[in-house]
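What follows is a single structure, written as structure tokens, with notes after it.
Numbering (the numbering used here), first residue to last: 4 to 141.
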């Protein structure tokens, strides 16, 4: 929960730092497409680990849900500062994306050997789509 909340703060910071409307919409779409999955997996994990502590689960999920708006607020506050500050915060946001993907998502998915080739194909297609969008944008 802590790692996902920190990740959410930094994704919010990246959205709050967006200078162009198109960049903001890109962040909104990206956050919307994966925030529900993170919240669902976090909720399932917490309901298993805190079976008789519903109040604790609700408090932790509330903290998680407020992490992105907090990050957006921080990003908006520092967006008028120096370019170096924006670069540092964008780097931290990008680094958390890569860290969560490499240490949590990919490792967990590939540790189960079922359908490993299909998972690898989906991973490669996803990487290809992201690369294609990046090439189209430039």
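Cβ coordinates follow ideal geometry from the N, Cα and C atoms, glycine included. Keep in mind it's a predicted model, so treat the numbers as computed, not measured.
| Asked | Found |
| --- | --- |
| Closer than 6 Å by C-beta to residue 19: which residues in its own chain qualify, once you throw out the five before and the five after it? Chain order, please. | 75, 78 and 79 |
| To the nearest angstrom, how far is it from the Cα of residue 10 to the Cα of residue 98? | 9 Å |
| Which of helix, strand or coil does DSSP assign to residue 143? | A query on residue 143 cannot be resolved here, the shown segment of the chain reaching from 4 to 141 and no further. |
| Could you give the distance in angstroms between the alpha-carbon of residue 123 and the alpha-carbon of residue 136? | 20 Å |
| Which residues in the same chain have their Cβ closer than 8 Å to the Cβ of residue 31, if we skip the five residues on either side of it in sequence? | 18 |
| What ranges does the alpha helix (DSSP H) occupy inside the region 57 to 81, keeping only unbroken runs of at least 4 residues that lie completely in it? | 57 to 81 |
| Label residue 71 either buried or exposed according to how many other C-beta atoms from any shown protein chain fall within 10 Å of its C-beta, with 16 as the threshold for buried. | buried |
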